[in-house]
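Count along the sequence shown starting at 1, add 613, and that's the number in our numbering.
Report on the structure given below.
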Amino acid sequence: MAKVNISLDAELVVEVMVLAGVGSPQDAIEVVVRDYIARGHRTEARTELRDQGLREVDAKPQEPQG
Numbered sequence: 614m615a616k617v618n619i620s621l622d623a624e625l626v627v628e629v630m631v632l633a634g635v636g637s638p639q640d641a642i643e644v645v646v647r648d649y650i651a652r653g654h655r656t657e658a659r660t661e662l663r664d665q666g667l668r669e670v671d672a673k674p675q676e677p678q679g
């Protein structure tokens with residue numbers, strides 16, 4: 614996998630390390646990024662199920678009105 618080097622504020626990285634319980638700055642940031650991506654996938658899956666459920670309701674034949 615390709616690697617990317619970035620610069621971050623040291624205080625920000627230390628806070629992430631403490632919150633994540635990780636001793637390495639590299640690992641701490643990687644944990645945060647992976648969690649962010651996983652949350653995005655879970656959100657997509659949840660909204661996809663909801664949207665599909667709404668489509669199924671819309672697809673059902675409606676009773677004649679009036």
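Cβ atoms here follow ideal geometry from the backbone N, Cα and C, with glycine treated the same way.
The structure displayed is predicted, hence computed values, not measured ones.
Counting only the same chain and skipping the five closest in sequence on each side, list residues whose C-beta sits under 6 Å from that of S620. Cβ-Cβ distances below 6 Å link S620 to nothing in the same chain once the five nearest sequence neighbours on each side are left out.
Let me know the secondary structure DSSP gives D640 once reduced to three states. Of the three classes helix, strand and coil, the one that applies to D640 here is helix, per DSSP.
Please report the straight-line C-alpha distance between E657 and A615, rounded to a whole angstrom. Rounded to whole angstroms, E657 to A615 spans 26 Å at the Cα level.
Nearest candidate by alpha-carbon position, reference L625, set V645, V617, E661: Residue V645 holds the alpha-carbon nearest to the alpha-carbon of L625 among V645, V617, E661.
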